[in-house]
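Heads up: the sequence shown begins at 5 in this note's numbering, then just goes up one per residue. Here a beta-carbon is modelled for each residue, glycine too, at the ideal position from N, C-alpha and C. Accompanying notes for the structure given below.
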Amino acid sequence: MRLAICAWLLTCATLLHAQDYFQQDVAYTIHVSLNDETHMLQGDVAFEYTNNSPNALEFLWIHVWPNAYKNSKTALARQQFRSGNKFMFYAMDKELGYIDSLNFSVNKASAKWEFHPEHIDIVKLFLSQPLQPGQTVTVHTPFKVKLPSGSISRLGHIDQSYQITQWYPKPAVYDKEGWHEMPYLNQGEFYSEYGSYDVFVTLPKNYVVGATGDLVDCPEEVAFMNELANADIDYEKEESNTFPESSKESKTLHYHQENVHDFAWFADKRWYVRKGEFELPHSGRTVTTWALFTPEAKAWWKNGVQYINDGAYHYSLWNGDYPYNQITAVDGTISAGGGMEYPNVTVIGDMGDDFSLETVIVHEVGHNWFYGILGSNERDNAWMDEGINSFNETRYFETKYGDTLSILGGSKQENRFVKLFDLEQYSYRTRDEYMWLISARRPDDQPIQCHSAEYTGINYGTIVYKKTAVAFDYLKGAIDGLHGAGTFDRAMQSYFDTWKFRHPQPADLQASLEQSTGDDLSWFFDTLVPTTGKPNYKVSGISKTDNGYEVKVKNRGEIPGPYSLSTIKEGEVVSTKWYPGIPAGSSARVTLESSEADAVVVDATEDMIEYDRKDNRIRTSGLLKKVEPLQVKMLTRLEDPNKTQLFWMPVVAWNEQNKFMAGINIHNTTLPFRNWEFSLTPMYAFGSKTLTGFGRLSYYTGPFQAHLATRTFRFNDQSYFDGGRSTSDYYRSSLHLSYALNKRPNSAIKSTIDLELAHVLVDNRSTQAYNDFREIRSMDNLYSPRLQYTIQYNGTITEHLVLLETRTILNDNFALRSWYNSIEYHGAAQYNRKGKKLRWRLFAGGTPAGYRYPVLGQGSVGYRTPAGYRYPVLGQGSVGY
5 MRLAICAWLL TCATLLHAQD YFQQDVAYTI HVSLNDETHM LQGDVAFEYT
55 NNSPNALEFL WIHVWPNAYK NSKTALARQQ FRSGNKFMFY AMDKELGYID
105 SLNFSVNKAS AKWEFHPEHI DIVKLFLSQP LQPGQTVTVH TPFKVKLPSG
155 SISRLGHIDQ SYQITQWYPK PAVYDKEGWH EMPYLNQGEF YSEYGSYDVF
205 VTLPKNYVVG ATGDLVDCPE EVAFMNELAN ADIDYEKEES NTFPESSKES
255 KTLHYHQENV HDFAWFADKR WYVRKGEFEL PHSGRTVTTW ALFTPEAKAW
305 WKNGVQYIND GAYHYSLWNG DYPYNQITAV DGTISAGGGM EYPNVTVIGD
355 MGDDFSLETV IVHEVGHNWF YGILGSNERD NAWMDEGINS FNETRYFETK
405 YGDTLSILGG SKQENRFVKL FDLEQYSYRT RDEYMWLISA RRPDDQPIQC
455 HSAEYTGINY GTIVYKKTAV AFDYLKGAID GLHGAGTFDR AMQSYFDTWK
505 FRHPQPADLQ ASLEQSTGDD LSWFFDTLVP TTGKPNYKVS GISKTDNGYE
555 VKVKNRGEIP GPYSLSTIKE GEVVSTKWYP GIPAGSSARV TLESSEADAV
605 VVDATEDMIE YDRKDNRIRT SGLLKKVEPL QVKMLTRLED PNKTQLFWMP
655 VVAWNEQNKF MAGINIHNTT LPFRNWEFSL TPMYAFGSKT LTGFGRLSYY
705 TGPFQAHLAT RTFRFNDQSY FDGGRSTSDY YRSSLHLSYA LNKRPNSAIK
755 STIDLELAHV LVDNRSTQAY NDFREIRSMD NLYSPRLQYT IQYNGTITEH
805 LVLLETRTIL NDNFALRSWY NSIEYHGAAQ YNRKGKKLRW RLFAGGTPAG
855 YRYPVLGQGS VGYRTPAGYR YPVLGQGSVG Y
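What follows is the structure, given as structure tokens:
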């Protein structure tokens, strides 16, 4: 009864939401011609805009995104500067691009328009009369586009290879939240209105074109493409990749497509063509597939059509049938990542092997579902396309290749690094989770739900793509585990059927999945998606019962999601059962019916997303049930939750006093990094004949770091003319605490406060003739608290770093012996497009009279005491006494 009531309430909520939903409609007619000598487009666009909203509109926002390439002040340029790409700052005019010759009319009457006050790639078009609900207007304008260098982003050309994307004036989305006018950006892509397209492209006759839509009334072009598709290709023969002369004759190609929100086309005279088809799994309808590639890339593209077919088939099987007639993948010149998606057509960058090509083709073809057919707002909710698509991509490879697929990609047997670094045990899916952990275990973690412009470049990959991928794998595992295999796929197909050719928001996805499953998925959509909370279950105890085992499970993380328990016998999973989630910080006791098992494991099937898997396993008998076997290896390895890992490597060093030193480094550092790490490096100094070295114990959590370190060296060793000798050994231990103050990982400004508590012991020994060569020994103890504040700014072409430091020096009675205050400034300016920089540094410091403080490197000061003892500086930002 309760389930029925919940389902009824969800249905009512969905219907109420649907009543608020509206969607504008746009019908385009575009004529464009390509001049491949001047690299210019000339055309005109007319679109019928239908206002399906309940509001009267007095103006339209129009995207004219080619202007994003116009100068170094655009939003695109500024975003690239923040990521370290200064190409547009130093670009010459011929490398930049723009759109001009705009002359808007509305219903054939000249219309007033103006550029956005901040963004020259957005236009505000005023309507002479408000566009009432249900009314339609026709907007027309001619336009010219100077195509930029393809080295900047997605629109452009490299010689006579053309990628024509985001190239025509198009209205911004208007929905229940209002207008979504947005500048073009590299990171964080698009949100556009659905409609129909009739596009007429004129260009030299010998170009091969891949585009959105179907060719209409072009029998000669159809014959031309089929002829190329049937031509023989010698995949082993090396061929020139140069461009042939352009034909003196031109052709006009007519493409038509409905229910898409964009139109892109690509042209190249060098392309080989391959054609295929596949049958959709649900309807049985046949879809045509095309692969267009250059002679230089033909070795990798030999199976290109098969990759398209396999990817599109599986995406259709899991999410819903592909609704269009054709899919095209082209080998192109693209600087904004390995590939880029558009309705019906995708462009693929340079790939170096078969598996990389298949990966990018499947991913970009998959975007026909997630962003293409399900038109989410990528700028606000990038995870709804990139992340869900990445989940399907990983699922595709694990389904197709199974256990033969290595974590590095490709076959386990064919990759020499797999055996060398003990990678056989890791699944392909593991790399998604480990890439997320790179960000999650360090201070710059960010939520899945975040505006795309707020992500750091690394996090856009590790969070939006990879964390979302494993999060949806978790969601699928939980839904199928609690309701039976296939439940998740049926729920996603229902979501697809309900929202295809529309603009779903996160709440729409949640409501659809909850309606399909009858579950409350707030654990996923309200905690895992919008926060940096860590999913982390632990098996904390086990006891034998008459029929099996009673297991105590604790939720050490912040996500109260469902979890699975598996019984293990001789390394194989015997049984797996899913359970409802446990509140964060709480525990539950679970009874497992099992005649005999060696161990019980949380998420043995790797369906969940886990912050730390080292506490997921417990043995059913024996002492130290949670201690895993010791693994000792050279260098380092990936983190293995089933091993206690210890690593070593040989170490050699040299300095003036100790001469040649040799030893061993012992550590537990894995990839991804863990919260607790240690490193111990004992060395023998052959010059001083002493034991030297250093050690470190570190803890990382969020913006906080703590390091406990020690080191010892001989820094004074000299002989006197009378046979005497003087030596000084240096021992330093310190506790270093650091906290990152900035709250926005993508901010250009970073600030950190550091506190260091250091103790230095100097052991001085001397023998000389005047004291009968008796050893005279003194111990010099110093204590030094140090407080440092650092603020750093990385601008477009300049960098600035300021360090404020205060330090006191106490003797062994903790009385003030000296003090030191300083301010240090470092600046840099990039002065050419190759990244060459001019650097400068200013330093000022104060200390009591009679003390000399020579500067020895950035952030490091060496101290000379009145007695003449020189205490060496060991490490950037650290002072030795």
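Which of helix, strand or coil DSSP assigns to Phe421: helix
What runs of the beta strand (DSSP E), each 3 residues or longer, lie entirely inside the region 373 to 418? none
Just reading off the beta strand (DSSP E) that Lys480 is part of, what are its end residues? Element bounds for Lys480: not the beta strand (DSSP E) but the alpha helix (DSSP H), 472 to 487.
Can you grab the Cα-Cα spacing for the pair Arg700 / Ser738, in whole Å? 10 Å
Using the Cα positions of Phe267 and Asp484, report the straight-line distance between them to the nearest angstrom. 37 Å
Under a three-way DSSP split, which group does Thr705 fall into? strand
Just verifying my parser: in three-state terms, what is the DSSP assignment at Phe51? strand
If we call anything under 8 Å between Cβ atoms a contact, is Asp325 one with Leu296? no
Might you give, ordered along the chain, the residues of its own chain that have their beta carbon closer than 6 Å to the beta carbon of Lys637, omitting 5 neighbours on each side? Phe651
Counting beta carbon pairs with one atom in the region 31 to 41 and one in the region 112 to 122, are three or more of them shorter than 8 Å? no
Please return the same chain residues whose Cβ sits closer than 6 Å to the Cβ of Asp48, not counting the five positions on each side in sequence. His35, Pro146
Are the CB atoms of Ser544 and Lys556 within a distance shorter than 8 Å? yes
Beta-carbon contacts of Arg845 that lie in its chain and below 6 Å, excluding the five residues immediately before and after: His830
With DSSP collapsed to three states, give me the class of Gly850. strand
For the pair the region 185 to 196 and the region 306 to 325, tell me if three or more CB-CB distances fall below 8 Å. no
Between Thr549 and the rest of its own chain, which residues show a CB-CB distance below 7 Å, the 5 nearest in sequence each way excluded? Thr595
Residue burial classification, Gly154 (beta-carbon count within 10 angstroms, cutoff 16): buried
Give a yes or no on whether the C-beta atoms belonging to Pro299 and Tyr328 are separated by under 8 Å. no
Give the straight-line distance between the Cα atoms of Glu283 and Gly461, rounded to the nearest whole angstrom. 38 Å
Thinking Leu695 and Pro707 are a contact (beta carbons under 8 Å), I'd like their distance in whole angstroms, please. Actually they do not touch by this definition, with Cβ atoms about 37 Å apart.
Limits of the unbroken beta strand (DSSP E) element including Ile827: 820 to 834
Could you round the C-beta distance between Leu887 and Asn419 to whole angstroms and report it? I think they count as a contact, below 8 Å. The structure shown does not extend to residue 887, since the chain spans only 5 to 885, so no value can be given for it.
Taking the beta strand (DSSP E) that Asn817 falls in, what are its first and last residues? Element bounds for Asn817: n/a, residue is neither H nor E.
Note the first and the last residue of the continuous beta strand (DSSP E) segment covering Asp501. Looking at the DSSP string, Asp501 is not in any beta strand (DSSP E); the run it does join, the alpha helix (DSSP H), is 491 to 503.
Could you check the C-alpha separation between Asn785 and Leu759 for me, to the nearest Å? 20 Å
Does the region 464 to 481 come into contact with the region 418 to 437, if we say contact requires no fewer than three beta-carbon pairs (one atom in each stretch) closer than 8 Å? yes
How would you label Met355, buried or exposed, when you count the other beta carbons within 10 angstroms and need 16 or more for buried? buried
Asn393 to Asp602 span [Cα, whole Å]: 38 Å
So does the region 800 to 808 actually touch the region 830 to 840, counting three or more Cβ pairs closer than 8 Å? yes
Looking at Arg446 and the ligand COA, is the gap between the Cβ and the nearest heavy atom below 7 Å? The ligand COA is not part of this structure, which contains no ligands at all.
List the residues that DSSP assigns as beta-bridge partners of Asn669. Met653
Can you round the beta-carbon distance between Pro347 and Tyr317 to whole angstroms, since I take them to be within the 8 Å contact cut? That pair is no contact at about 19 Å.
Give the straight-line distance between the Cα atoms of Asp358 and Asn672, rounded to the nearest whole angstrom. 35 Å
Checking 8 Å against the spacing of the C-beta atoms, do Glu402 and His371 come in under that value? no
Proximity winner among Leu634, Asp733, Tyr464, relative to Gln907 (alpha-carbon distances): In the structure as shown, the chain starts at 5 and stops at 885, and residue 907 therefore has no counterpart that could be examined.
What three-state label does DSSP hand Ile452 in the structure shown? coil
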